[in-house]
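Q:
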Amino acid sequence: MSQNVEFLVSEQGNIRGPMRLEAVRREIGGGTLKDPLFRMEGCKRFLPGAAWDPISDLFPSPSPPDAPEGVVAEALPRDLAKLDPQARDKLLWFVEDTDGVMGPVTGAFVVRGLMTGRIPISSGVSLVSVPGWIRGTAVFPAALEGATAIRKRPMSTFTCPYCLEPVMVGSTSCLMCGEFVGIAKPRLGLSRVVGLVGIGLALVLAPLLGGALSVRGDGRGAGVEIPSANAAPSPGASASPGSSASAATSAPADPAANALADSAPAAAKRLEGKVAAKIDVAADAEAAILLPQGHVAVARRVALDVVDPRSGVVMTSSREAQSARVIERVGGALYALGQTRIGALEPDTLRVLRWIEPRTQLLPGAAAASAGLAIFPSAVDRSVLVVGTEHHVEIARFRFGGAIPSAAAIDAEGTWAVASVADPRPRAYPDAIEVFAPLTPPSAQLVRHLSLGDPVAAVAVQSGFAFVALGSSRIVRVTLEGKGLLAPPNLSRDTCTDPAFVRAAPRTLVVGCRAGRALSLHAPATLTQDTRLELGSPVTALEVSPSGDQALVVTGAPSPGVYVVDLATGEPVRVDVTDEVTSVRFGKDAESATAFSARARRVWVLR
1 MSQNVEFLVS EQGNIRGPMR LEAVRREIGG GTLKDPLFRM EGCKRFLPGA AWDPISDLFP
61 SPSPPDAPEG VVAEALPRDL AKLDPQARDK LLWFVEDTDG VMGPVTGAFV VRGLMTGRIP
121 ISSGVSLVSV PGWIRGTAVF PAALEGATAI RKRPMSTFTC PYCLEPVMVG STSCLMCGEF
181 VGIAKPRLGL SRVVGLVGIG LALVLAPLLG GALSVRGDGR GAGVEIPSAN AAPSPGASAS
241 PGSSASAATS APADPAANAL ADSAPAAAKR LEGKVAAKID VAADAEAAIL LPQGHVAVAR
301 RVALDVVDPR SGVVMTSSRE AQSARVIERV GGALYALGQT RIGALEPDTL RVLRWIEPRT
361 QLLPGAAAAS AGLAIFPSAV DRSVLVVGTE HHVEIARFRF GGAIPSAAAI DAEGTWAVAS
421 VADPRPRAYP DAIEVFAPLT PPSAQLVRHL SLGDPVAAVA VQSGFAFVAL GSSRIVRVTL
481 EGKGLLAPPN LSRDTCTDPA FVRAAPRTLV VGCRAGRALS LHAPATLTQD TRLELGSPVT
541 ALEVSPSGDQ ALVVTGAPSP GVYVVDLATG EPVRVDVTDE VTSVRFGKDA ESATAFSARA
601 RRVWVLR
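Numbering follows UniProt numbering, with no gaps: position 77 of the sequence shown is 77.
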């Protein structure tokens, strides 16, 4: 715990302070303080010591409250309504879980649980020593990527039998898929029967008609033809109205033109931020990514779909890699992360080339394509998995003495990897990093540990250095070279408030913040803040282009938007995307990207 924490102490009406953490702990341990109350900057109420994580171990553990029944408050009490992130994360909370009530846990733990989906967004939280339950999203409004708006939602729900999304008790139709979910079955009626028969015939006849037209190869039916997954776009499609997306994805017919395109420098390929296509996807879509031939891969809970961006038609659908919640691009392959295993996919057809069986739930990781490595942390298994991408096999698994990893980064050469870790206590948050060489077996090296005191929000690795964004609104640099113990950070600078993301580009460090509602660009050599972009809303997603000279930035409520930022000049360009976006992904090159909206069930293709 950071020793810079200071408390105001109230005892029998007398207020002292601010007192540093070590002084407070010394007086409590010596019995000098009897029945004191504490508050810190950013919190307007004095609370018992058991409510504060830095000193809670010196007091008896509080009893959990009963699970919420009926009405759950939508706002904190007035004197706690404007908690600063630093104070909020150090307070202890009880959380309503699917199995009952868990806790107490820190606010930082609740934020991480809401962001990763481990804590449902409909859950209630209760501050230790303060009676009553409050909606978790009201206390932590910026915790959800792409869903930062606060919406009233009753606690009682049931599962939709069609799309498996939660439905409010008393509703007769599912808000996600629109199907009837009432007690009685609706009457089909003649018009509904005719419509269902028509749709069935269309699904059967459309592929047959498309195959017949492709065999004839006359090229005149581009508007009707449904190409196969490996088919190149029709030359006539670029001349048809409304087919600007096809012109962007069509490959030149001249081999010499292909050679010139391949030899063009990566820096010349840039994303302009123009919307090339807008695709409505199924209600169970979880992620989207561009394929090399210009099609869009959509990960659903029951299948992986290949969608033509020009028409929105699902060209192929594979059920081999079901339940994939994340698609990661690793070199020339795609990795689909499921519940307990990873599928290495062939990029054109999404056919599973090989299964990797870690037998544990994995978090999104990082890759070093040139080194043929990918790493994935697992909070359940308390390890970091190292995958060799040449043969798609698990080559090592690193454990850190029971500490729980939450984020991981690897440099482009695969020399160093860094994981942020938390103490295994339930209320702990990541406040340390573990450094290891992924190419060396775990038994042949000393995994090095460095405690940073403050919460670790995000990590990045580049050129022998680890760059760590801390919850105290600072970014620090740690030198990784050498085989001895890790030295303390040799550089530290202020950044925007409540950082959530850090990405290392060749000449710039990019930091995205929630409470600060800003994007900060830092020089890697000095950590000096070159540019600060005030975006007006929390940064909820951040992606750097493969060429390293642009960034895609997503902001949430109250002013959701998507921006293309030139990292050399710091100039932002707002993209004409009207949905609240959940995630953004660049394509294999830097001139294309996708923006996925889970709420609107829509994919935007950008060129």
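Just so you know, even glycine gets a beta-carbon here, dropped at the ideal spot from N, CA and C.
Inspect the beta-carbon positions of ILE28 and LEU76 and report whether they are closer than 8 Å.
A: On the sequence shown, residue 28 is found 28 positions in, with the first residue counted as 1. On the sequence shown, residue 76 is found 76 positions in, with the first residue counted as 1. Contact flag unset, no.
Q: Nearest by alpha-carbon distance to ILE342: which of GLY556, PRO438 and THR360 is it?
A: For the purposes of this step, residue 342 is identified with residue 342 of the sequence shown, where counting begins at 1. For ILE342, the closest of GLY556, PRO438 and THR360 by C-alpha to C-alpha distance is THR360.
Q: In this structure, how does DSSP classify ILE121 when only helix, strand and coil are distinguished?
A: Here residue 121 refers to the residue found at position 121 of the sequence shown. In the structure shown, ILE121 sits in coil (DSSP, three-state: anything other than H, G, I, E or B).
Q: Given GLN550, which residues of its chain have a CB within under 8 Å of its CB, disregarding the five upstream and five downstream residues?
A: Working through the sequence shown from its first residue, we reach residue 550 at position 550. Counting only Cβ-Cβ distances below 8 Å, and skipping sequence neighbours, we find ARG270, LEU271, VAL544, VAL564, VAL565, ASP566, LEU567 and ALA590.
Q: Could you tell me which whole beta strand (DSSP E) segments of length 3 or greater appear in the segment 510–556?
A: Counting only runs of 3 or more residues that sit fully inside the segment 510–556, the beta strand (DSSP E) segments are 518–522, 529–534, 539–544 and 550–555, in chain order.
Q: State the DSSP-derived secondary structure class of GLY49, mapped to helix, strand or coil.
A: For the purposes of this step, residue 49 is taken as the residue at position 49 of the sequence shown. Looking at GLY49 - three-state DSSP - the assignment turns out to be helix.
Q: For GLN86, is the classification buried or exposed, using 16 other Cβ atoms within 10 angstroms of its Cβ as the cut-off for buried?
A: Here the question's residue 86 lines up with position 86 in the sequence shown. Per the 10 Å Cβ criterion, buried.
Q: Leaving out five residues before and five after ALA245 in sequence, what residues of the same chain have Cβ atoms less than 7 Å from its Cβ?
A: Your numbering for residue 245 matches position 245 in the sequence shown. Annotation note: pLDDT 31 at ALA245 (below 50); position unreliable, coordinate value reported separately. Counting only Cβ-Cβ distances below 7 Å, and skipping sequence neighbours, we find ALA276, ALA277, PRO309, ARG310 and VAL605.
Q: Indicate, with yes or no, if the ligand SAM has a heavy atom lying under 7 Å from the CB of GLY332.
A: Ligands displayed in this structure: none; no statement on the ligand SAM is therefore possible.
Q: What's the C-alpha gap between VAL421 and ALA428?
A: To locate residue 421, count along the sequence shown from 1; it is residue 421. To locate residue 428, count along the sequence shown from 1; it is residue 428. Roughly 10 Å between the two C-alpha positions.
Q: In chain order, which beta strand (DSSP E) runs of at least 3 residues are fully inside the segment 355–434?
A: 366–368, 373–378, 383–388, 393–399, 404–410 and 417–422
Q: Sort out for me which residues DSSP pairs PRO499 with in a bridge.
A: Here residue 499 refers to the residue found at position 499 when the sequence shown is read from its first residue. Note: PRO499 sits in a beta bridge opposite CYS513.
Q: What's the C-alpha gap between ARG45 and THR106?
A: Translated into positions along the sequence shown, residue 45 becomes position 45. Translated into positions along the sequence shown, residue 106 becomes position 106. Straight-line Cα distance between these residues: approximately 17 Å.
Q: If I measure Cβ to Cβ from GLY402 and keep anything under 8 Å in the same chain, skipping five residues before and after, which residues do I get?
A: Numbered from its first residue, the sequence shown carries residue 402 at position 402. Here the set comprises ARG382 and PRO424.
Q: Can you list, in chain order, the residues of its chain with a C-beta nearer than 7 Å to that of PRO54? Leave out the 5 residues immediately preceding and following it.
A: For the purposes of this step, residue 54 is taken as the residue at position 54 of the sequence shown. Once the five neighbours on either side are set aside, the close Cβ partners of PRO54 are MET1, VAL5, LEU21 and LYS90.
Q: So, at 8 Å on beta carbons, what are the nonlocal neighbours of ILE119 in its own chain, with the 5 sequence-adjacent residues on each side left out?
A: As a first step, residue 119 is located in the sequence shown; it is residue number 119 there, counting from the start. For ILE119, where only same-chain residues beyond five positions count, the Cβ hits under 8 Å are VAL95, ASP97, VAL110, GLY113 and GLY136.
Q: Since GLY464 and THR479 should fall inside the 8 Å C-beta cutoff, what is the C-beta to C-beta distance between them, to a whole number of angstroms?
A: Counted from its first residue, the sequence shown places residue 464 at position 464. Counted from its first residue, the sequence shown places residue 479 at position 479. Rounded, the Cβ-Cβ distance is 7 Å, consistent with contact.
Q: Mind reading off the beta-carbon distance from GLU328 to ARG351? Whole number of angstroms is fine, and I expect it under 8 Å.
A: Walking along the sequence shown from the start, residue 328 turns up at place 328. Walking along the sequence shown from the start, residue 351 turns up at place 351. That belief does not hold up - the Cβ atoms of GLU328 and ARG351 are roughly 17 Å apart, past 8 Å.
Q: Would you mind working out which of LYS82, ARG602, ASP576 and SER126 sits nearest GLY42, comparing C-alpha positions?
A: Taking the first residue of the sequence shown as position 1, residue 42 is located at position 42. The residue with the shortest Cα to Cα distance from GLY42 is LYS82.
Q: Within the same chain, show all residues whose beta-carbon is closer than 6 Å to that of SER592, passing over the 5 residues directly before and after it, in chain order.
A: Locating residue 592 in the sequence shown gives position 592, counting from the first residue. Only LEU290 and ARG607 meet the Cβ criterion.
Q: Strictly by DSSP, which residues pair up with ASN14?
A: As a position in the sequence shown, residue 14 is number 14, starting the count at 1. DSSP lists GLU11 as partners of ASN14.
Q: If you run the structure through DSSP and keep just helix, strand and coil, what is LEU203?
A: Residue numbering aside, residue 203 sits at position 203 when the sequence shown is read from its first letter. Correct three-state label for LEU203: helix.
Q: Whose C-beta lies closer than 8 Å to the C-beta of ALA407 among residues of the same chain, with five residues either side of it excluded?
A: As a first step, residue 407 must be located in the sequence shown, where it is residue number 407. Contacts found: LEU363, PRO377, ALA419, SER420, PRO430, VAL456, ALA458 and VAL459.
Q: Which whole-angstrom value describes the C-beta separation of PRO438 and ALA417, a residue pair presumed to lie in contact below a C-beta threshold of 8 Å?
A: Position 438 of the sequence shown, counted from the first residue, corresponds to residue 438. Position 417 of the sequence shown, counted from the first residue, corresponds to residue 417. Their Cβ separation, rounded to whole angstroms, is 5 Å, which keeps PRO438 and ALA417 in contact under 8 Å.
Q: Tell me which same chain residues have a C-beta within less than 8 Å of the C-beta of PRO546, skipping the five on either side of it?
A: Locating residue 546 in the sequence shown gives position 546, where the first residue counts as 1. Around PRO546: ALA266, PHE586, LYS588, ASP589 and ALA590.
Q: Going by beta carbon distance, what residues of the same chain come within less than 6 Å of SER126, once the five residues before and after it are set aside?
A: Counting from 1 along the sequence shown, the entry for residue 126 is found at position 126. Around SER126: PRO65, PHE94 and TRP133.
Q: Between the Cα of ILE121 and the Cα atoms of ALA138, THR594, SER129 and THR540, which residue gives the shortest distance?
A: As a first step, residue 121 is located in the sequence shown; it is residue number 121 there, counting from the start. Closest option to ILE121, Cα to Cα, is ALA138.
Q: Pull up the distance between the alpha-carbon of TRP52 and that of PRO62, whole angstroms please.
A: In the sequence shown, counting from the first residue as 1, residue 52 sits at position 52. In the sequence shown, counting from the first residue as 1, residue 62 sits at position 62. Near 12 Å, if we compare the C-alpha coordinates of PRO62 and TRP52.
Q: Skipping 5 residues on each side, what residues in its chain have a beta carbon closer than 6 Å to that of ASP79?
A: Counted from its first residue, the sequence shown places residue 79 at position 79. Contacts found: LYS44 and ARG45.
Q: Taking only the alpha-carbon atoms, compute the straight-line gap between ALA444 and SER451 and give it to the nearest angstrom.
A: In the sequence shown, residue 444 corresponds to position 444, counting from 1. In the sequence shown, residue 451 corresponds to position 451, counting from 1. For ALA444 and SER451, the distance between alpha carbons rounds to 23 Å.
Q: Can you give the Cα-Cα distance for VAL281 and ASP498, rounded to whole angstroms?
A: For the purposes of this step, residue 281 is identified with residue 281 of the sequence shown, where counting begins at 1. For the purposes of this step, residue 498 is identified with residue 498 of the sequence shown, where counting begins at 1. VAL281 and ASP498: Cα-Cα distance of roughly 33 Å.
Q: Let me know if VAL510 comes out buried or exposed under the rule of 16 or more other beta-carbons within 10 Å of its beta-carbon.
A: Position 510 of the sequence shown holds residue 510. In summary, VAL510 is buried, with 16 or more beta-carbon neighbours lying within 10 Å of its beta-carbon over all protein chains present.
Q: Relative to the alpha-carbon of ARG574, which residue among GLU580, VAL581 and VAL562 has its alpha-carbon at the smallest distance?
A: Stepping through the sequence shown from its first residue, residue 574 is reached at position 574. Nearest neighbour of ARG574 by Cα position, chosen from GLU580, VAL581 and VAL562, turns out to be VAL562.
Q: Report the rounded CA-to-CA distance for ALA518 versus GLN529, giving the unit in angstroms.
A: Here residue 518 corresponds to residue number 518 of the sequence shown, with the count starting at 1. Here residue 529 corresponds to residue number 529 of the sequence shown, with the count starting at 1. So the two alpha carbons sit approximately 12 Å from each other.
Q: How would you write the range of the beta strand (DSSP E) that LYS278 sits in, first residue to last?
A: The residue labelled residue 278 in the question sits at position 278 within the sequence shown. That run of the beta strand (DSSP E) goes 275–280.
Q: In the DSSP assignment, find the alpha helix (DSSP H) that holds GLY29 and state where it starts and stops.
A: For the purposes of this step, residue 29 is taken as residue 29 along the sequence shown, with counting starting at 1. 21–29 is the extent of the alpha helix (DSSP H) around GLY29.
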